[in-house]
Each structure stands twice: as C-alpha cells, then as structure tokens.
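The structure under discussion appears below in the form of structure tokens.
As structure tokens, then:
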C-alpha cells in the first residue's frame, strides 16, 4: 500500500502549515493487499507524523483521488472496515483532520459516501468536501503550488517510494521497530525532508504515545 502511494505525504505544507496526505485509489492492487492493509498504512503514517509537535497542533489535510478507480476495485471495500476506520480516526486517533477532499469520484463512490456519512461526527461532515472533476474548488482550499501535476498542481510529482523509504528507515533507527515490522524491499528513492520546521504560536505540547493503536505485522 505504501509503495503504491496509499498514502503519500507531500514534502511541503499548505499555507496554514498543515501536512497533506494523498491517496491514489486507482493504485490499490486488490490482488496483493486488502483494505485493512491500506488502513494500517495510514495509521502507521499518522503515528509517525504525530511525533512532530507542529503536526499535532496544526493538523492534517487528506486528498483522495478516485480517478480511474474501478467498480471491480470498489467490491473490495468492506462496510465493516469502513466503520472501524471512521471510529478509529475520529474517536481514537489524536489527529486533527482539517480537510478531507475527494476528487474524481465515480458514482459508486458517491453511493459509498451516503452509507458512511451517518457514522461521521458533525465536524468531520463539515470538513469532508467532494469536488468531483472540479479541481478549481480543490485549489481554492489547497494551493496549486504544493500539489503534484496529477492533482492539477504546479508542485513536484509524487514519488510513491519517498514516504515508504522514510518510514522504513525510521523503523530501523527508532522506537518504531518495537511496534512495527516493515517488510524488506529494495527502495530506489532518496529520503525526503519530512520534518521541515514551521513556527508554532499556540504553545502546543507534544503528545506522548503509549503504544500503537493496532499491531501492524506487515505493511504492504
């Protein structure tokens, strides 16, 4: 999942200092890993990002690109897992989601949205924005200068291995290896600078973690 860009983390923050996570739904290889694996990859990414005080204070923006996501792929979306994901992210994970943007979604994703909306709290409902093919409305929320060309932006293209490589190195050189085991793989990308400092004005304190939300045995 991580090697397919689910998720990837943009190197630049948005204009409000928030980290931006992107998902390329069409890259999901349902023959190799499940929706649960995608969820584990997201939790692992958030767990690492939340080590940074700026990220704790300023929060995250999530962009899900559904372009070319097929009906066949959609059959692998589990309602049970969706509900678990929602409950975990909005009720258990100490992460502030300031915006969740869907683009290029087909009709069957719209149907899925209608199913999950009753489980969302009011704050998340307000912050979940569905743009369809209207990238202009996305760019009004997230500046084009940090977005990759695939999202209609002017920033650098996403190398899906960058974030994977960073997490792999972190797991080998930090306390993460006590909680997670990443599968070995040949990675050709160089480690990116994911910890670029941003000024904090509200005096936020770092949240200490008492352990992982899930026991991740393998990240695809």
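Residue numbers (full-length UniProt numbering): 1 to 220.
C-beta atoms are modelled at their ideal positions from N, C-alpha and C, and glycine is treated no differently.
- Straight through space, the alpha carbons of residue 35 and residue 12 are spaced by roughly 27 Å.
- Look at residue 114 here: in three-state DSSP terms it is helix.
- Taking 8 Å as the cut-off, the Cβ atoms of residue 14 and residue 61 count as close.
- In the DSSP assignment, residue 98 falls within the unbroken beta strand (DSSP E) covering 97-103.
- Burial state of residue 111 is exposed, judged by a 10 Å Cβ sphere holding fewer than 16 other Cβ atoms.
- In the DSSP assignment, residue 82 falls within the alpha helix (DSSP H) that extends over 79-91.
- Secondary structure of residue 60 (DSSP, three-state): strand.
- When C-alpha distances from residue 99 are compared across 74, 171, 139, the shortest belongs to 139.
- For residue 19, the beta-bridge partners assigned by DSSP are 60.
- By the Cβ neighbour-count rule, residue 166 is buried, with 16 or more other Cβ atoms within 10 Å of its own.
- About 4 Å separates the CB atoms of residue 105 and residue 66; that is less than 8 Å, so the two are in contact.
- In the structure shown, residue 2 adopts helical secondary structure according to DSSP, grouped into three states.
- Here residue 164 is buried. Its C-beta has 16 or more other C-beta atoms within 10 Å.
- With 16 or more other CB atoms across the displayed protein chains lying within 10 angstroms of its CB, residue 54 is buried.
- Burial is judged here by how many other beta carbons sit within 10 angstroms of a residue's own beta carbon; residue 7 has at least 16 and is buried.
- The distance from the Cβ of residue 119 to that of residue 83 is about 6 Å, consistent with a contact at the 8 Å cut-off.
- Judged by DSSP secondary structure, residue 130 falls within the beta strand (DSSP E) whose first and last residues are 128-132.
- The C-beta of residue 1 has 16 or more other C-beta atoms within 10 Å across all chains shown, which makes the residue buried.
- Relative to the Cα of residue 9, the nearest Cα in the group 45, 171, 85 belongs to 45.
- In the three-state DSSP reduction, residue 47 falls in the helix class (H, G or I).
- Judged by DSSP secondary structure, residue 12 falls outside any alpha helix (DSSP H); it is assigned neither H nor E.
- Of all alpha-carbon atoms in 154, 79, 101, 144, the one lying nearest the alpha-carbon of residue 132 is that of 101.
- It is roughly 14 Å from the alpha-carbon of residue 19 to the alpha-carbon of residue 64.
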